[in-house]
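As structure tokens, the structure follows; a few thoughts come after it.
Residue numbers (our numbering), protein chains in the order written: chain A, 2 to 479; chain B, 2 to 479.
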């Protein structure tokens with residue numbers, strides 16, 4: 002049943018001036034109201050917090066209230082974490098107070114797969130309908146918005162940015178927001194919808210479609226009641242905002258787990274694929290693939306076409322890099338004669354390879370040389386986007402000691418006049434902690450500067466392929 | 002032209018008691034003899050080093066010699082790095098001295114794609130044939146063997162172990178050895194063969210097949226003159242040793258680069274695929290995939306069948322984990338009733354999911370619980386191998402502070418009586434340096450303890466799928 006969330010509703014959920022927490026123990030570590038409240042304080046949430054606990058005077062230094070009725074105002078948002086059996090009464094108490102926007106963390110409803118669980122869910126829905134309550138949940142982490150310091154989970158306080166994330170898994174949303182934030186890729190709004198008994202993923206998809214601050218949408222779906230509504234919404238929204246979607250439960254093993262996880266029916270893989278294709282949604286299959294695609298769409302302008310210029314790599318790696326991009330459906334075209342003539346002037350004959358991919362060690366150690374190559378590629382008609390392999394200096398190589406050129410490279414990029422998209426690959430795989438830390442720091446620096454960055458050529462190629470295909474199809478449809 | 006390397010030849014190349022370096026500048030940084038010599042000293046090479054330089058008394062503290070003729074003994078191995086034009090005369094000088102095992106670093110032969118380059122290559126080959134010289138190269142990094150501290154490139158001093166690596170790319174070999182060493186995965190012998198003008202990849206494949214210290218072979222190939230010899234050798238060797246192969250230059254872009262890189266003809270992708278299938282070789286496409294497959298074959302015993310038990314993950318991640326393994330052709334079977342009954346006793350009803358995959362937070366914080374689950378899986382007929390997601394504690398999660406349990410977990414594993422293979426996933430993706438460093442350290446600890454470890458579920462699934470299929474096909478053929 003479609004619910005139309007108004008901007009005012011969205012404001013209550015994602016920009017609450019006050020939050021009541023129902024079901025907050027006084028102390029200790031326990032997943033629930035207290036851990037949510039602690040995270041909100043850590044995040045620097047600046048609105049009014051009302052922990053409800055009849056036995057406490059204050060909790061974490063904040064005045065506690067005996068019940069919702071006694072609160073000095075109607076809270077914008079209520080986070081409910083009491084035991085499942087007590088939920089309906091609590092919703093009624095909220096409604097009596099006038100609070101109509103609730104996040105219900107509590108599990109133990111239809112996802113149990115039992116008759117009792119189904120009955121609990123039905124009662125929950127009828128209670129909300131009777132009192133006109135908008136409820137996110139049950140069995141979920143709820144709303145998240147770094148700009149409002151509403152960050153009781155995921156990256157804390159998080160990074161504000163262009164993403165809108167809708168997820169039927171709290172864990173996936175936490176991982177995604179944390180992962181994105183570490184790379185400077187920000188989230189405008191995220192919502193973990195859980196069982197979606199009242200407000201579901203599609204209600205938020207519709208609202209995110211209308212949200213001017215959200216440029217790219219990421220969805221983790223396990224099941225959807227109303228496939229035709231998904232198709233209709235995604236078709237419309239997808240014309241202006243890419244929707245990157247993971248569909249969990251495509252296998253028997255996955256769908257067995259879905260049934261116990263959110264109670265949703267997983268549906269057949271082929272049907273989902275057809276839906277995604279018809280709506281020009283971007284299906285991905287793993288957390289990594291989700292993040293990579295979101296990063297590409299958030300940071301990379303639509304390329305004119307699919308000619309990639311690959312800069313960096315050694316001999317063998319260049320060969321594989323070329324293969325990798327072609328396998329993903331992009332082109333690694335030969336460069337025109339004038340560009341090749343210019344390249345041959347600067348590329349040493351032995352030990353390097355002038356061409357595309359370009360194998361030339363100097364790009365790792367000489368920012369001006371890299372800038373020169375980028376300028377050259379701007380003028381080369383065959384090139385639509387550039388991929389730069391930022392190899393980290395390693396003991397394994399015969400290379401002179403080189404200081405970290407990341408800041409210098411970003412300065413160079415920020416002042417270039419060219420407009421062709423450029424992305425970076427910084428590979429620091431393996432078990433070497435120093436290399437891993439350096440690689441992460443360099444990736445973070447590129448991401449924070451607004452440049453898409455990937456940890457391997459394979460992942461860059463896949464994300465850029467998705468980017469290109471989305472815009473190519475969109476253009477042909479419009 | 003097939004060359005049969007004897008054990009004595011292999012000893013000269015990979016266990017040299019003395020090495021002459023021809024073309025060593027006195028000081029400064031330059032890729033070549035001096036950088037090779039410096040790396041050998043760094044690696045702790047304990048044999049006798051003879052730098053050849055007519056103008057120097059000593060180089061890097063080692064007595065220098067005016068020419069090969071004046072050396073006090075016949076060096077086992079000569080590393081030649083002089084300019085291409087001087088190479089034939091230098092080979093003749095070596096031969097006159099009686100030195101017959103040469104590594105030629107110098108580039109500028111047939112890989113140039115010019116008539117002059119072809120002529121240089123032909124002259125090189127005829128010189129070697131006339132003097133009965135075994136030459137690795139030109140245009141390559143040559144032999145590498147950590148056990149002999151023969152490590153002038155790649156991981157230095159490297160880690161000795163079961164791998165034999167043969168590569169037409171020096172860069173790929175350096176990356177692979179460094180990457181593997183960081184995870185405790187060791188190399189017995191590696192060789193970068195370059196243009197392979199005299200000794201080629203297949204000559205070393207044959208020798209590695211006979212080498213009792215090599216258990217798993219990795220190859221990076223760009224082109225092979227003699228496809229039927231590859232097929233014949235691989236068929237024989239592949240019955241006892243898995244051969245994991247990357248074929249570079251499968252795309253136009255890649256093969257354009259191959260021509261300039263080693264001068265080899267790249268051939269058609271479909272033909273290569275047929276060859277690999279017929280020989281039960283394991284084709285991979287990226288450096289990551291190469292490492293992952295080599296790790297699986299080196300560290301994981303053949304599973305009885307393809308039933309995977311996935312331990313860890315949250316709700317949504319478990320769903321995706323199941324999908325991922327099934328997509329890679331493995332099974333994530335339901336567990337039998339007795340196992341499920343035991344699981345339900347220990348898995349909380351709400352917030353976790355008893356089953357396969359198993360979603361249970363306790364496995365991240367309680368080693369005894371993990372051990373109990375592993376024992377349970379040992380007795381479960383549906384399970385052939387286990388995959389454990391070792392989630393690193395993150396600020397994003399609502400979890401109690403947990404000390405790093407890696408050492409405790411390894412102790413637990415080392416004392417378990419079960420025999421089913423178990424592998425680990427430790428994901429520390431993104432731009433957080435601390436998380437990245439922690440993840441790398443944990444992966445290194447598992448790898449050094451002999452447990453296969455992967456940085457994502459997707460990569461684990463792919464590597465294990467390759468492992469399973471190889472043994473399954475091998476069994477059916479024998």
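Think of the CB as a built atom: it goes at the ideal place given N, C-alpha and C, for glycine as much as any other residue.
Check your understanding: In chain order, what residues of the same chain lie with their CB nearer than 7 angstroms to the CB of residue 48 of chain B, ignoring the 5 residues before and after it?
Key -> Locating residue 48 of chain B in the second chain gives position 47, counting from the first residue. Once the five neighbours on either side are set aside, the close Cβ partners of residue 48 of chain B are 17, 18, 19, 20.
Check your understanding: Quick one: what's got a C-beta closer than 7 angstroms to residue 282 of chain B's C-beta in the same chain, skipping five residues either side?
Key -> Position 281 of the second chain, counted from the start, is the residue given in the question as residue 282 of chain B. So the qualifying residues of the chain are 235, 239, 244, 246.
Exercise for review: Give the secondary structure of residue 32 of chain B by DSSP, where H, G and I count as helix, E and B as strand, and everything else as coil.
Suggested key: As a first step, residue 32 of chain B is located in the second chain; it is residue number 31 there, counting from the start. Reduced to three states, the DSSP call for residue 32 of chain B is coil.
Practice item. Determine which residues of the segment 238-260 of chain B have a Cβ less than 9 angstroms from any Cβ of chain A, and write them out in chain order. Key: 247, 248, 249, 250, 251, 252, 253, 254, 255, 256, 257, 258, 259
Point to revise | Contact list for residue 357 of chain A against chain B, beta-carbon separation under 9 angstroms | key: To locate residue 357 of chain A, count along the first chain from 1; it is residue 356. The contacting residues are 254, 257, 258.
Review point. Can you name the residues of chain A whose CB is closer than 8 angstroms to the CB of residue 321 of chain B?
Key: Mapped onto the second chain, residue 321 of chain B falls at position 320. Here the neighbours are 173, 247, 249, 255, 286, 287, 288.
Point to revise | Exposure label - residue 291 of chain B; buried when at least 16 CB within 10 Å | key: Counted from its first residue, the second chain places residue 291 of chain B at position 290. By the 10 Å Cβ count, residue 291 of chain B comes out buried.
**Study point:** Segment limits, beta strand (DSSP E) that includes residue 190 of chain B
**Key:** Residue mapping note: residue 190 of chain B aligns to position 189 of the second chain, counting from 1. Segment 188-193, the beta strand (DSSP E) holding residue 190 of chain B.
Practice item. Would you mind stating whether residue 249 of chain A and residue 324 of chain B have Cβ atoms separated by less than 8 angstroms? Key: In the first chain, the residue the question calls residue 249 of chain A occupies position 248. In the second chain, the residue the question calls residue 324 of chain B occupies position 323. It is a contact, given that the beta carbons lie within the stated cut-off.
**Study point:** residue 333 of chain A at chain B interface by Cβ criterion, 8 angstroms
**Key:** The residue given as residue 333 of chain A occupies position 332 in the first chain. Yes, residue 333 of chain A lies at the interface with chain B (some Cβ there is under 8 angstroms from its Cβ).
Review point. When the distance is taken between beta carbons, is residue 43 of chain B closer than 8 angstroms to residue 55 of chain B?
Key: The residue labelled residue 55 of chain B in the question sits at position 54 within the second chain. The residue labelled residue 43 of chain B in the question sits at position 42 within the second chain. Taking C-beta atoms as the reference points, residue 55 of chain B and residue 43 of chain B fail to come closer than 8 angstroms.
Practice item. Measuring only between beta-carbons, confirm whether residue 17 of chain B sits less than 8 angstroms from chain A. Key: Taking the second chain and counting its residues from 1, one reaches residue 17 of chain B at position 16. For residue 17 of chain B, the answer is no, since every Cβ of chain A falls outside 8 angstroms of its Cβ.
**Study point:** Reduced DSSP category for residue 248 of chain A - H, G, I as helix; E, B as strand; rest coil
**Key:** Against the first chain, residue 248 of chain A aligns to sequence position 247. It is a strand residue.
Point to revise | Strand pairing of residue 332 of chain B, partner residues [DSSP] | key: Within the second chain, residue 332 of chain B is the residue found at index 331, counting from 1. DSSP output for residue 332 of chain B lists B/308 as bridge partner(s).
Point to revise | Contacts of residue 104 of chain A in chain B (Cβ-Cβ under 7 angstroms) | key: Here residue 104 of chain A refers to the residue found at position 103 when the first chain is read from its first residue. Taking the beta carbon of residue 104 of chain A as reference, no residue of chain B falls within 7 angstroms; the closest one sits roughly 14 angstroms away.
Exercise for review: For residue 210 of chain A, I'd like the list of residues in its chain whose CB is within less than 6 angstroms of its CB, leaving aside the five on either flank, ordered along the chain.
Suggested key: Here residue 210 of chain A refers to the residue found at position 209 of the first chain. Correct list, in chain order: 238.
Exercise for review: Starting from residue 229 of chain B, follow the alpha helix (DSSP H) in both directions and report where the run begins and ends.
Suggested key: Within the second chain, the letter at position 228 stands for residue 229 of chain B. From DSSP, the alpha helix (DSSP H) with residue 229 of chain B extends over 228-238.
Exercise for review: At 7 angstroms on the CB atoms, spell out the chain A contacts of residue 138 of chain B, in chain order.
Suggested key: Taking the first residue of the second chain as position 1, residue 138 of chain B is located at position 137. Here the premise fails: no neighbours, minimum Cβ distance about 13 angstroms.
Point to revise | Three-way DSSP call (helix, strand, coil) for residue 21 of chain A in this model | key: The count along the first chain starts at 1 and reaches residue 21 of chain A at position 20. Secondary structure of residue 21 of chain A (DSSP, three-state): strand.
Review point. My guess is that residue 162 of chain B and residue 201 of chain B are in contact by the Cβ rule of under 8 angstroms, so how many angstroms apart are they, rounded?
Key: Your numbering for residue 162 of chain B matches position 161 in the second chain. Your numbering for residue 201 of chain B matches position 200 in the second chain. Going by Cβ atoms, the distance from residue 162 of chain B to residue 201 of chain B rounds to 25 angstroms, so no, they are not a contact pair.
Practice item. Indicate the three-state DSSP secondary structure (helix, strand or coil) for residue 150 of chain A in the structure shown. Key: Here the question's residue 150 of chain A lines up with position 149 in the first chain. In the structure shown, residue 150 of chain A adopts coil according to DSSP, grouped into three states.
Review point. In chain A, which residues lie with their C-beta within 7 angstroms of the C-beta of residue 433 of chain B?
Key: Reading the second chain from its first residue, position 432 is the one you call residue 433 of chain B. Simply 183, 441.
Review point. Quick one: is residue 169 of chain B near chain A, going by C-beta distance under 8 angstroms?
Key: If you number the second chain from 1, residue 169 of chain B lands on position 168. So yes, residue 169 of chain B belongs to the interface.
Check your understanding: Beta-carbon of residue 452 of chain B versus every beta-carbon of chain A: anything under 8 angstroms?
Key -> Indexing the second chain from 1 puts residue 452 of chain B at position 451. No, residue 452 of chain B lies away from the interface with chain A (no Cβ there is under 8 angstroms from its Cβ).
Review point. Any beta-carbon of chain B closer than 8 angstroms to the one on residue 154 of chain A?
Key: Residue 154 of chain A sits at position 153 when you count from the first residue of the first chain. So yes, residue 154 of chain A belongs to the interface.
Check your understanding: Listing by chain order, which chain A residues have their CB less than 8 angstroms from the CB of residue 324 of chain B?
Key -> Here residue 324 of chain B is taken as the residue at index 323 of the second chain, counted from 1. Residue 324 of chain B reaches chain A at 249, 250, 251, 252, 254, 255, 286, counting residues in chain order whose Cβ is nearer than 8 angstroms.
Check your understanding: Apart from the five residues just before and just after residue 468 of chain B, which ones in its own chain have a Cβ nearer than 7 angstroms to its Cβ?
Key -> The residue given as residue 468 of chain B occupies position 467 in the second chain. Excluding sequence positions up to five before and after residue 468 of chain B, its CB lies within less than 7 angstroms of the CB of 297, 298, 301, all in the same chain and listed in chain order.
Exercise for review: Reducing DSSP to helix, strand and coil, say where residue 126 of chain B ends up.
Suggested key: By one-based count along the second chain, residue 126 of chain B stands at place 125. Note: residue 126 of chain B maps to helix in three-state DSSP.
Point to revise | Length of the line joining the Cα atoms of residue 400 of chain A and residue 428 of chain B | key: For the purposes of this step, residue 400 of chain A is identified with residue 399 of the first chain, where counting begins at 1. For the purposes of this step, residue 428 of chain B is identified with residue 427 of the second chain, where counting begins at 1. Straight-line Cα distance between these residues: approximately 30 angstroms.
**Study point:** Contact between the segment 182-199 of chain B and the segment 329-339 of chain A (3+ Cβ pairs under 8 angstroms)
**Key:** no
Exercise for review: Measure the C-alpha to C-alpha separation of residue 423 of chain A and residue 446 of chain A and round it to an integer number of angstroms.
Suggested key: Working through the first chain from its first residue, we reach residue 423 of chain A at position 422. Working through the first chain from its first residue, we reach residue 446 of chain A at position 445. Residue 423 of chain A and residue 446 of chain A: Cα-Cα distance of roughly 15 angstroms.
Point to revise | Short CB-CB distance (under 8 angstroms) between residue 224 of chain A and chain B | key: As a position in the first chain, residue 224 of chain A is number 223, starting the count at 1. False, the Cβ-Cβ gap to chain B never drops below 8 angstroms.
Exercise for review: Note down the Cα distance separating residue 341 of chain B from residue 355 of chain B, rounded to an integer number of angstroms.
Suggested key: One-based indexing of the second chain puts residue 341 of chain B at position 340. One-based indexing of the second chain puts residue 355 of chain B at position 354. Each residue's Cα considered, the two are about 7 angstroms apart.
Review point. Buried or exposed: which applies to residue 71 of chain A, given that a residue is buried once 16 or more other Cβ atoms fall within 10 Å of its Cβ?
Key: Within the first chain, residue 71 of chain A is the residue found at index 70, counting from 1. Counting C-beta atoms within 10 angstroms of its own C-beta, residue 71 of chain A has fewer than 16 neighbours from the protein chains shown and is therefore classed as exposed.
Exercise for review: Taking residue 262 of chain B as the query, report the chain A residues whose CB atoms sit under 8 angstroms from its CB, ordered along the chain.
Suggested key: Stepping through the second chain from its first residue, residue 262 of chain B is reached at position 261. What residue 262 of chain B touches in chain A: 316, 317, 319, 320, 354, 360.
Review point. Of the residues A/81, A/5, A/46, which one's Cα is nearest the Cα of residue 24 of chain A?
Key: On the first chain, position 23 is the one that residue 24 of chain A refers to. That would be A/81, whose Cα lies nearest to the Cα of residue 24 of chain A.
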